[in-house]
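Engineer: Add 4 to a position in the sequence shown, counting from 1, and you land on the number used in our numbering.
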Amino acid sequence: MSLKSDILYHLKKMKSATVKGLAHEMEVSAGEKREFKNALQTLLQEKKIDLGPGDLLTLTKIPVEDRTGLFRKLPSGHGIVTMPAKPERDPVEWFIKREDTLSAITGDTVMIAPAKSRRDLQGASERAVVVKIVTHGKKTFVGTYIEKNDRPLVRIDEDQFERSVLVKESLPDLLPKDRVWIEVLEFPTDNARGSCRILEKLGEAGDINTEERALLRNLGISETFPPEVLSEAQRIAAEFDESIKPGREDFTQDLVITIDPKDAKDHDDAVSLTVDLTTQHRILTVHIADVSYFVSPGGPLDTEARKRGTSVYLPMRAIPMFPELISNHVASLKEGVTRYVKTVQIEYNAAGARISTRFANGVIKVRKRFNYDEVQSFIEAQPVDWPEDMQQAVREMHRFSRILRERRFQRGSLELQMPEVRLGYNRDGEITGANFTQSNASHQLIEEFMLAANEAVAGHFRQLDVPFLRRIHPSPLPQKLESFAEFARSLGFKIQNPTSRFELQKLLEESSKTEHRHSVHFAFLRSLKQAVYSPDREGHFALASEDYCHFTSPIRRYPDLTVHRLLNQWIKKGRISYQADELKALGELCSKRERLAEEAERGAVELRLKEFVRKNFGLEFDAKITGVIERGFFAQGNTIPIEGFVSAEEFKGIHFDYDPAMHTLQGRQSRLSFRLGQPVRVKLMGIEEERDRIRLKWVKRVVEE
C-alpha cells in the first residue's frame, strides 16, 4: 500500500484527525515525516482530503466538481453556497455559519469543505465551511458616506460588510449621509476594516432619483454611453440616406403595419399578410429592424451593447441598449419612412401549417403605426376611419393569428394567467394610480406572428445543423411537477400524470375558470425553471417548441442581434461560420444581464412603492398570497403591485405548521390557514428597514372570485 493510500485508509477509519494525531496513529517515524507531509500536501492539492476548522484532516465529502460555488450572505450574517444545477438535479445549497464565511460577501465564488457538524440548517442540504475565496464577485458597491472620530468611512449597503470601510481616495464636497459609489481597494477581513476609493457622489440619501441611481450602479447598469459609442452612432445616423441598396428586396409597396404600446419609442417589428384566394394559402411577412446593418461586430456600438445585453425599462424612463440615434431613429421602423429590415416570409396552407420559409434583407415603408388599443377597438367592432384595404388586412391578421394560436395549444403550449398591473406616475415619479394590463386579441396577434418568425429562424438553423443562440426553457424536474400536482389535488383538481403537458394544459385551463385560478397558476410558475440563452439543443418547455430563438427585438436584446448576423451570412453567402464556445459564454452573459435588468426594473418600481407606503400608512387593500414560508407569507395587491410580508408572529396564540409541498401555513387547533394564491385583505404597516421589505398586517379573508 502506498503512503497516500495508507493515509486515506487511516483517515477513513478515524473520521478526522490532526496532522500530529494521524502521524501517531500511522506510527510515522522521524525519518518518514518529510515524506508524510509531502503526501498530505499532495492529497490536499488533489482535493482528496480537507483541512477544516481546528486543523482537522478529513476525507473530502464533497465531489471535486462540487467544491466551488456562489456565496450568498443572509441578513443573519450566515451564508448559503449554491452549487450549479445539473441535468439530473436542482442546484445544491450548503449552509455556512457566520464564523465560517471567511468574510465572503454575496456574489463571491468560494471553495468549501464539509463542516464537522452536518445538520440541516436554513433549508440548505448540509453544513460546510469556506476554505478559500476564489474570486470576489464585484469590486464596486453603493454605500453611505459617514464620518466617525474624524475618519471618513463608507457604510456599504445590504450589510455585506460587518463594518464600514475606510476611505483612502475621496471626492470634494462630500457630506455625511451622501450616497456614494465606491471601488473597494482592500476587502475587509475579520481583523481589518478594508479600504475604498469613492468613484461618484450619487446624491442625498432618501431622494428617490438618488436611490434609483444607486440601484443601477449596484447592478452594474450604466445610464450613459461612452463618447466613442455616441460618436459612432452620430456618424452612422449622418451617413444613412434611406436609399434602396443593391441586394435588398423592395417591400415598400406592401401594406406593412406596426402594432405597439402607446408610449413605444423604438419599433422593432412590422408585419404584413396576404391571402391567395385560389388556394387559401397565406403569406405572413415579418420585418424586423436590421440593426446588424448599422452595428458592426467588435465596434464601439457592438462592444457596449454586448456589455449591456438588453435595454432596461424603468418607471419614468428607459435605458436603451443602443443610443437613441440608433434605437429610436435610423433603426426604428417609423411610419412613412424607408427602413432596412431582416425579413422572414412564411407560407401557410389553409389549416395554418407551415409550408415554406424564405429570408431576405429587405426595405420597407410602414403604411400605418397602430397602438394595441386602436387595434383592439377595431377587433371589437368599434368604428374606425381606416382605408378599406387596411381594415381588411387587420381583420385577416386577427383571424389568422387565432388559427396559429389554436395550433400552438394543440401541440401542448402552456399559458399562465398571471395578474399584471401597470402603474401611473406624475411628473415627480410618484404613483398616481394603477390599472390591469391584459393580453387581449391585439397583443396576441403580434405575439403569434413573432413566435412564428422566431420558430422559423430557429428551425432553419437546426436544418443547417449549425449552433446558434437559442432561447431555451428547460423542462421542470419531475419531482417539482409532482409537488405541484399534489397541491392541485388538494384543491380538488384531478391530474394523474403531471409530466404530461396536455394534462397540465387542461388543469391550467380548468383552474382559470374557478376561484383557485391564482393559487394554481402561482404554484405552477414556481415549479418551472427559468428560460435562458444557450446554444444547447434544448427546446422551450412552455411553448412546446423544439427549436426556438429570439430574433424579433434586436434593438433591445443582444441575443437577437447575434441571430441576425448568422442569418445575414446565410442570405449573403449561403453558408454560416460560427464559434460554438463563444456562443456558450455569450448565452451565459446575456442571461445574466437579463436577470440584472429584471432586478433593476423591479427595484425601481419598489422604490416608488415604498414611497407610496410611507405616505399611505394604514391603507387596506385586497391582495393575493405570492409566497409562503415558515415565518409567514408574502402578499401582493390586486390593483397596485405592493408586495409585502405578513409575519406569523402577529397571530397571537396561534402556532402554524408549514407544508412546503402544499405552499401552506395551517394553524394548530385553529381553522386559520394560508396558501399560495389565496386572496386576503391586508393593511400597510410600514417598511422593515433591516430587511428592506414592506410590512403588512392581515385583516381578513376574502372570498375568491
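Positions of the beta carbon are idealized from the N, C-alpha and C atoms, including for glycine. Keep in mind the model is a prediction, meaning the values are calculated, not measured.
Taking 8 angstroms as the threshold (C-beta atoms), are PHE374 and HIS477 in contact?
Structural biologist: The residue given as residue 477 occupies position 473 in the sequence shown. The residue given as residue 374 occupies position 370 in the sequence shown. Contact flag unset, no.
Engineer: Candidates VAL345, ILE248 and PHE255: which alpha carbon is nearest ASP272's?
Structural biologist: Taking the sequence shown and counting its residues from 1, one reaches residue 272 at position 268. Residue VAL345 is the option with its Cα nearest to ASP272.
Engineer: To the nearest angstrom, report how far apart SER199 and PRO156 are at their CA atoms.
Structural biologist: In the sequence shown, counting from the first residue as 1, residue 199 sits at position 195. In the sequence shown, counting from the first residue as 1, residue 156 sits at position 152. When rounded, the distance between both Cα atoms is 10 angstroms.
Engineer: Hey, how far is the Cα of ASN642 from the Cα of LEU613?
Structural biologist: Residue 642 sits at position 638 when you count from the first residue of the sequence shown. Residue 613 sits at position 609 when you count from the first residue of the sequence shown. Whole-angstrom Cα-Cα distance: 14 angstroms.
Engineer: Considering only C-alpha positions, which residue in the set LEU587, ARG635, GLY543 and GLU236 is nearest to ASP564?
Structural biologist: Along the sequence shown, one-based indexing puts residue 564 at 560. For the residues LEU587, ARG635, GLY543 and GLU236, the minimum Cα distance to ASP564 belongs to LEU587.
Engineer: Go ahead and pull the three-state DSSP assignment for GLU151.
Structural biologist: Here residue 151 is taken as the residue at index 147 of the sequence shown, counted from 1. Here GLU151 sits in strand by DSSP.
Engineer: Compute the distance between the beta-carbons of ARG679 and SER487, then report whether it is under 8 angstroms.
Structural biologist: The residue labelled residue 679 in the question sits at position 675 within the sequence shown. The residue labelled residue 487 in the question sits at position 483 within the sequence shown. No, these two residues do not count as a Cβ contact at 8 angstroms.
Engineer: How should ARG123 be labelled, buried or exposed, when 16 other C-beta atoms within 10 angstroms of its C-beta is the threshold for buried?
Structural biologist: Taking the sequence shown and counting its residues from 1, one reaches residue 123 at position 119. Summary for ARG123: the model assigns pLDDT 49, below 50, so the residue's position carries little reliability; its value from the coordinates is reported in the next sentence. Per the 10 Å Cβ criterion, exposed.
Engineer: With DSSP as the reference, label GLN126 as helix, strand or coil.
Structural biologist: Mapped onto the sequence shown, residue 126 falls at position 122. Note that GLN126 scores 48 on pLDDT, short of 50, meaning its location in the model is unreliable; the coordinates nonetheless yield the value given after this. Looking at GLN126 - three-state DSSP - the assignment turns out to be coil, as it is neither helix nor strand.
Engineer: Compute the Euclidean distance between the alpha carbons of ARG252 and PHE465, then round it to the nearest angstrom.
Structural biologist: Along the sequence shown, read from residue 1 onward, the residue named residue 252 stands at position 248. Along the sequence shown, read from residue 1 onward, the residue named residue 465 stands at position 461. Roughly 21 angstroms separates the two Cα atoms.
Engineer: By DSSP, does HIS477 sit in helix, in strand, or in coil?
Structural biologist: For the purposes of this step, residue 477 is identified with residue 473 of the sequence shown, where counting begins at 1. HIS477 falls in the strand class under three-state DSSP.
Engineer: Are SER296 and ASN572 touching if we call contact CB-CB under 8 angstroms?
Structural biologist: What you label residue 296 is simply residue 292 of the sequence shown in a count that begins at 1. What you label residue 572 is simply residue 568 of the sequence shown in a count that begins at 1. Contact: yes.
Engineer: For TYR352, which of helix, strand or coil comes out of DSSP?
Structural biologist: Residue mapping note: residue 352 aligns to position 348 of the sequence shown, counting from 1. The answer is strand: DSSP assigns TYR352 an E or B state.
Engineer: Whole angstroms is fine: what's the gap from GLY127's alpha carbon to VAL96's?
Structural biologist: Residue 127 sits at position 123 when you count from the first residue of the sequence shown. Residue 96 sits at position 92 when you count from the first residue of the sequence shown. Caution applies to GLY127, whose pLDDT of 48 falls short of 50 and renders its modelled position unreliable; the model cannot decide the point.
Engineer: In the stretch 521-576, which residue ranges form an unbroken beta strand (DSSP E) of at least 3 residues, counting only runs that do not cross its ends?
Structural biologist: If we require 3 residues or more, the beta strand (DSSP E) runs fully inside the stretch 521-576 come out as 536-538.
Engineer: Can you tell me whether ASN444 is helix, strand or coil according to DSSP?
Structural biologist: Walking along the sequence shown from the start, residue 444 turns up at place 440. Three-state result, ASN444: coil.
Engineer: For MET87, report the span of its beta strand (DSSP E) as first-last.
Structural biologist: As a working note, residue 87 is residue 83 in the sequence shown. Unbroken beta strand (DSSP E) run through MET87: 83-87.
Engineer: Per DSSP, which residues does PRO118 bridge with? Please list them.
Structural biologist: Position 114 of the sequence shown holds residue 118. In the DSSP output, where bridge partners are listed per residue, PRO118 has ALA132.
Engineer: Within 10 angstroms of the Cβ of SER758, are there 16 or more other Cβ atoms? Answer buried if so, exposed if not.
Structural biologist: Here the chain has residues from 5 to 709 only, and residue 758 is not among them.
Engineer: Rounding to the nearest angstrom, what Cα-Cα distance links GLY463 and LEU47 in this structure?
Structural biologist: Start at 1 with the first residue of the sequence shown, and residue 463 comes out as number 459. Start at 1 with the first residue of the sequence shown, and residue 47 comes out as number 43. For GLY463 and LEU47, the distance between alpha carbons rounds to 50 angstroms.
Engineer: Rounding to the nearest angstrom, what Cα-Cα distance links ILE292 and THR556 in this structure?
Structural biologist: Position 288 of the sequence shown holds residue 292. Position 552 of the sequence shown holds residue 556. Their backbone Cα atoms lie some 6 angstroms apart in a straight line.
Engineer: What residue from ARG71, THR72 and ALA117 has the CA that sits closest to LEU54's CA?
Structural biologist: The residue you call residue 54 lines up with position 50 of the sequence shown. Looking at the sequence itself, residue 54 is Asp, so the reference to Leu does not match. If we check each option's Cα against that of ASP54, ALA117 comes out closest.
Engineer: With the cut-off set at 8 angstroms, would you say ARG197 and GLU173 are in Cβ contact?
Structural biologist: In the sequence shown, the residue the question calls residue 197 occupies position 193. In the sequence shown, the residue the question calls residue 173 occupies position 169. In this structure, GLU173 does not lie closer than 8 angstroms to ARG197 by Cβ.
Engineer: On the DSSP bridge list, what partners appear for VAL632?
Structural biologist: Indexing the sequence shown from 1 puts residue 632 at position 628. Looking at the DSSP assignment, VAL632 forms a beta bridge with PHE637.
Engineer: Can you tell me which residues form a DSSP beta bridge with GLY366?
Structural biologist: The residue labelled residue 366 in the question sits at position 362 within the sequence shown. DSSP lists GLU253 and VAL345 as partners of GLY366.
Engineer: Counting Cβ pairs, one atom from each stretch, are 3 or more of them under 8 angstroms apart for the stretch 478-497 and the stretch 600-615?
Structural biologist: Short answer: they don't touch.
Engineer: Could you pull out every residue in the same chain whose Cβ sits closer than 6 angstroms to the Cβ of GLY356, ignoring the five residues on either side in sequence?
Structural biologist: Here residue 356 is taken as the residue at index 352 of the sequence shown, counted from 1. Answer for GLY356: ILE407, LEU408 and ARG411, listed in chain order.
Engineer: With contact counted as at least three CB pairs below 8 angstroms, one residue from each stretch, are the stretch 646-661 and the stretch 682-690 in contact?
Structural biologist: Yes: the two stretches touch, three or more of their Cβ pairs being nearer than 8 angstroms.
Engineer: Are the beta-carbon atoms of ARG183 and THR144 separated by less than 8 angstroms?
Structural biologist: Mapped onto the sequence shown, residue 183 falls at position 179. Mapped onto the sequence shown, residue 144 falls at position 140. For ARG183 and THR144, no; Cβs fall outside 8 angstroms.
Engineer: So what does DSSP say about ARG606, is it helix, strand or coil?
Structural biologist: Walking along the sequence shown from the start, residue 606 turns up at place 602. DSSP places ARG606 in helix when its eight states are reduced to three.
Engineer: For LYS172, report the span of its beta strand (DSSP E) as first-last.
Structural biologist: In the sequence shown, the residue the question calls residue 172 occupies position 168. Run containing LYS172: 169-173, per the beta strand (DSSP E) assignment.
Engineer: Report the option in ASP626, ALA364 and SER531 whose CA atom is closest to the CA atom of HIS568.
Structural biologist: Residue numbering aside, residue 568 sits at position 564 when the sequence shown is read from its first letter. Nearest C-alpha to HIS568: ALA364.
Engineer: Please classify ILE248: does DSSP put it in a helix, a strand, or coil?
Structural biologist: Counting from one through the sequence shown, the residue named residue 248 turns up at place 244. Of the three classes helix, strand and coil, the one that applies to ILE248 here is coil, per DSSP.
Engineer: Which residue marks the beginning of the beta strand (DSSP E) containing MET689, and which one marks its end?
Structural biologist: Taking the sequence shown and counting its residues from 1, one reaches residue 689 at position 685. MET689 -> beta strand (DSSP E) spans 683-692.
Engineer: For the pair the stretch 615-629 and the stretch 447-458, tell me if three or more CB-CB distances fall below 8 angstroms.
Structural biologist: Because the criterion of three Cβ pairs below 8 angstroms is not met, the stretch 615-629 and the stretch 447-458 do not touch.
Engineer: May I have a chain-ordered list of the alpha helix (DSSP H) segments no shorter than 4 residues that lie completely inside the stretch 12-64?
Structural biologist: Segments of the alpha helix (DSSP H) lying fully in the stretch 12-64: 23-29 and 37-49.
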